[in-house]
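K.L.:
Residue numbers (my numbering): 376 to 748.
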């Protein structure tokens with residue numbers, strides 16, 4: 376990538392299972408993102424001006440087998456798995472390869488359980504359940520991609536059983552566990568170990584949220600905030616919620632109906648004058664009434680107010696790094712819409728970075744969540 380000032384990016388392509396470096400290739404048209412709770416992506420183009428570079432790219436770019444690490448100076452800013460690779464040529468004979476990679480947690484979308492796992496009463500800490508799932512994945516032949524696990528606990532116990540015959544994706548299982556009433560947030564964090572210099576992919580868990588730091592970074596407009604968007608979306612709002620699972624009937628000769636939760640109702644919202652707004656969700660593999668009731672309450676808690684996911688685009692400075700995910704920010708806007716000014720605290724739940732290019736500075740789009748959400 377083209378350096379601007381002292382900003383230099385480098386892309387390393389490694390073997391996914393061993394992390395052995397295969398090559399470092401130039402990239403153009405780069406954009407990458409990372410989020411809490413969903414996979415991030417890297418989109419880029421590898422120019423192929425000659426046959427020698429094309430041969431190197433053919434060796435390094437192996438979808439499903441190649442890991443991609445993006446370095447900014449000495450630091451790692453993104454890591455993931457190459458999933459698609461599209462060589463293309465234009466009418467002038469120029470060649471390039473368009474690539475797309477997903478953060479390392481996307482690997483769990485491609486894994487199912489190889490055996491039954493059970494966590495009976497009185498229950499197991501939900502963080503330990505997640506670690507057991509990832510540990511199970513990495514213990515299978517060819518399944519260890521080096522995700523590092525810690526030993527932190529959430530203090531929330533759960534009793535769950537997962538059957539191999541359900542063929543559920545491991546990511547789906549973790550997401551369903553995180554969505555429970557007293558759930559958690561998770562991601563795979565990438566960084567360079569300050570002591571050894573090794574590239575690290577670590578399972579990061581947070582209950583009830585992933586939070587980093589306590590002193591907010593101040594973002595001003597006018598100032599470093601280039602653009603902003605503050606959408607308020609009530610199409611996903613609800614004050615009554617029903618969760619539907621699978622039938623609890625094991626008698627194939629009898630009629631079967633899906634198990635339903637009891638309605639979860641925010642009566643105080645109705646009493647305050649809100650119209651009745653109903654939502655529902657489906658949960659495959661769940662037939663326990665108590666679990667469904669808990670899922671309905673959790674979904675209602677998330678849906679009671681209009682969804683607000685502000686976005687701000689800022690110039691990247693020394694304060695802005697991927698480590699900002701989970702950190703608090705104070706957004707201060709002074710403009711025609713906010714004539715009296717607005718000062719509000721948010722938490723960073725994702726970011727998209729566009730490295731510097733010809734005539735363009737380095738920018739980051741931050742995805743925010745109100746701290747009281």
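Note that the Cβ used here is the ideal one computed from N, Cα and C, for glycine as well.
So which of 489, 640, 620, 579 has the shortest CA-CA distance to residue 632?
P.N.:
In the chain shown, the residue the question calls residue 632 occupies position 257. Measuring from the Cα of residue 632, the nearest candidate turns out to be 620.
K.L.:
Measure the beta-carbon distance from residue 742 to residue 684 and round it to whole angstroms, keeping in mind my assumption that it falls under 8 Å.
P.N.:
For this step, residue 742 is matched to residue 367 along the chain shown. For this step, residue 684 is matched to residue 309 along the chain shown. Between residue 684 and residue 742 the Cβ distance is about 6 Å, and since that is below 8 Å, they are a contact.
K.L.:
Check residue 732 in the structure and name its three-state DSSP category.
P.N.:
Translated into the one-based positions of the chain shown, residue 732 becomes position 357. Residue 732 falls in the strand class under three-state DSSP.
K.L.:
Is residue 542 near residue 501, with beta carbons less than 9 Å apart?
P.N.:
By 1-based counting over the chain shown, the position of residue 542 is 167. By 1-based counting over the chain shown, the position of residue 501 is 126. Taking 9 Å as the Cβ cut-off, residue 542 and residue 501 do not qualify as a contacting pair.
K.L.:
Please state whether DSSP places residue 683 in a helix, a strand or coil.
P.N.:
By one-based count along the chain shown, residue 683 stands at place 308. In the structure shown, residue 683 sits in coil (DSSP, three-state: anything other than H, G, I, E or B).
K.L.:
So, for residue 719: in the same chain, excluding its five sequence neighbours on each side, which residues have a beta-carbon less than 8 Å away from its beta-carbon?
P.N.:
Locating residue 719 in the chain shown gives position 344, counting from the first residue. Excluding residues within five positions, the ones whose Cβ falls inside 8 Å are 705, 706, 745.
K.L.:
Would you tell me roughly how many angstroms separate the C-alpha atoms of residue 727 and residue 739, rounded to the nearest one?
P.N.:
Taking the first residue of the chain shown as position 1, residue 727 is located at position 352. Taking the first residue of the chain shown as position 1, residue 739 is located at position 364. Spanning the two alpha carbons is a distance of roughly 6 Å.
K.L.:
By the three-class DSSP mapping on this structure, what secondary structure does residue 677 have?
P.N.:
For this step, residue 677 is matched to residue 302 along the chain shown. Reduced to three states, the DSSP call for residue 677 is helix.
K.L.:
Using a 10 Å radius around the Cβ and a threshold of 16 neighbouring Cβ atoms, would you call residue 464 buried or exposed?
P.N.:
Within the chain shown, the letter at position 89 stands for residue 464. It is exposed - the Cβ of residue 464 has fewer than 16 other Cβ atoms within 10 Å.
K.L.:
What would DSSP say about residue 469, mapped onto helix, strand or coil?
P.N.:
In the chain shown, counting from the first residue as 1, residue 469 sits at position 94. Three-state DSSP puts residue 469 in coil, outside helix and strand.
K.L.:
When you compare the segment 578–595 with the segment 660–668, are there three or more beta-carbon pairs, one atom per stretch, that lie closer than 8 Å?
P.N.:
No, they do not touch.
K.L.:
Going by DSSP, which residues form a beta bridge with residue 653?
P.N.:
As a working mapping, residue 653 is identified with position 278 in the chain shown. Partner(s): 615.
K.L.:
So what's residue 323 in DSSP terms, helix, strand or just coil?
P.N.:
Missing from the structure shown is residue 323; the chain here goes from 376 to 748 and no further.
K.L.:
For residue 470, which residues of its own chain have a beta-carbon under 6 Å away from its beta-carbon, when the five flanking residues on both sides are left out?
P.N.:
Taking the first residue of the chain shown as 1, we reach residue 470 at position 95. If we look at residue 470 and ignore the five residues flanking it on each side, its Cβ neighbours are 423, 464.
K.L.:
Would you mind reading off the limits of the alpha helix (DSSP H) that contains residue 404?
P.N.:
Along the chain shown, one-based indexing puts residue 404 at 29. Taken as a continuous stretch (DSSP letters only), residue 404 belongs to no alpha helix (DSSP H), being part of the beta strand (DSSP E) at 403–410.
K.L.:
Taking DSSP's pairing of strands, which residues face residue 605 in a bridge?
P.N.:
Locating residue 605 in the chain shown gives position 230, where the first residue counts as 1. Note: residue 605 sits in no beta bridge, so no partner.
K.L.:
Express the C-alpha separation of residue 613 and residue 661 in angstroms, rounding to a whole number.
P.N.:
Within the chain shown, residue 661 is the residue found at index 286, counting from 1. Within the chain shown, residue 613 is the residue found at index 238, counting from 1. The alpha-carbon atoms of residue 661 and residue 613 are separated by roughly 22 Å.
K.L.:
Among 598, 625, 677, 636, which has the Cα closest to the Cα of residue 691?
P.N.:
As a working mapping, residue 691 is identified with position 316 in the chain shown. Of the listed residues, the one whose Cα sits closest to residue 691 is 598.
K.L.:
Less than 9 Å between the beta carbons of residue 498 and residue 529, yes or no?
P.N.:
Indexing the chain shown from 1 puts residue 498 at position 123. Indexing the chain shown from 1 puts residue 529 at position 154. Contact: no.
K.L.:
Would you say residue 457 and residue 438 are within 9 Å of each other, going by their C-beta atoms?
P.N.:
Within the chain shown, the letter at position 82 stands for residue 457. Within the chain shown, the letter at position 63 stands for residue 438. Yes; because the gap between Cβ atoms is below 9 Å, this pair is in contact.
K.L.:
Look at the alpha carbon of residue 623 and the alpha carbon of residue 571, and state the distance between them as a whole number of angstroms.
P.N.:
On the chain shown, position 248 is the one that residue 623 refers to. On the chain shown, position 196 is the one that residue 571 refers to. Going by the C-alpha atoms only, they are around 52 Å apart.
K.L.:
Could you say which of 538, 478, 503, 700 lies nearest to residue 520 if we only look at CA atoms?
P.N.:
The sequence position of residue 520 within the chain shown is 145, counting from 1. If we check each option's Cα against that of residue 520, 478 comes out closest.
K.L.:
Give me the Cβ distance between residue 455 and residue 443, rounded to the nearest whole Å; I'm assuming they're in contact under 8 Å.
P.N.:
Stepping through the chain shown from its first residue, residue 455 is reached at position 80. Stepping through the chain shown from its first residue, residue 443 is reached at position 68. Their Cβ separation, rounded to whole angstroms, is 6 Å, which keeps residue 455 and residue 443 in contact under 8 Å.
K.L.:
From residue 672 to residue 634, what does the alpha carbon distance come to, in whole angstroms?
P.N.:
By one-based count along the chain shown, residue 672 stands at place 297. By one-based count along the chain shown, residue 634 stands at place 259. The straight-line gap from Cα to Cα measures roughly 16 Å.
K.L.:
Would residue 372 and residue 566 be called neighbours here (beta carbons separated by less than 9 Å)?
P.N.:
Residue 372 lies beyond the stretch modelled for the chain, which goes from 376 to 748, so this question has no answer here.
K.L.:
Is it the case that the Cβ atoms of residue 702 and residue 606 are separated by a distance below 9 Å?
P.N.:
Within the chain shown, the letter at position 327 stands for residue 702. Within the chain shown, the letter at position 231 stands for residue 606. Contact: no.
K.L.:
Would you call the CB atoms of residue 580 and residue 653 closer than 9 Å?
P.N.:
As a first step, residue 580 must be located in the chain shown, where it is residue number 205. As a first step, residue 653 must be located in the chain shown, where it is residue number 278. No, the pair does not count as a contact, with Cβ atoms beyond the cut-off.
K.L.:
Taking all protein chains shown into account, decide if residue 503 is buried (16 or more other Cβ within 10 angstroms of its Cβ) or exposed.
P.N.:
Numbered from its first residue, the chain shown carries residue 503 at position 128. Looking at its Cβ environment, which holds 16 or more other Cβ atoms inside 10 Å, residue 503 is buried.
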